[in-house]
Amino acid sequence: MATNAPTLSSADYCSDEIFDIDRRRLFHGGWFMAARADTLERGNRRVIDIAGESIILARDLDGAIHAFANVCRHRGARLCDPGDD
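Residue 480 is where the sequence shown ends in the numbering used here, and the numbering goes up by one at each step.
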């Protein structure tokens, strides 16, 4: 005998409010993979967008990978544009 499973309403799939809730719960609480390490060469950087946040991924000359918010702390301006890699 089939049972009904709880589902979201169709309006929830288009709701900005529901999207913001999902984004906060899924992306702001922990770590996740942003890119494969072998796609970023030493001395290079890449700009990516994760859940509406612009992030700079950079590999330094020693091979360590770093991630930074793509924003100037002083003026709040974007530092790099996608494609400036």
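Every residue gets a Cβ at the ideal spot worked out from N, C-alpha and C, and that includes glycine.
Since this is a predicted model, take the numbers as computed values, not measurements.
Around Leu452, the same chain offers Ala429, Ala430, Leu435, Arg440, Arg441, Ile443, Ile460 and Ala462 as residues with beta carbons nearer than 7 Å, after the five sequence neighbours per side are excluded.
Contact between Arg419 and Ser449 does not hold, since the beta-carbon distance rounds to 17 Å and is not under 8 Å. Distance from the CA atom of Ala432 to the CA atom of Asp457, rounded to whole angstroms, is 14 Å. Assignment of beta-bridge partners to Ser405 by DSSP yields no partner. Within a 10 Å sphere around the beta-carbon of Asn465 sit 16 or more other beta-carbons, which makes this residue buried.
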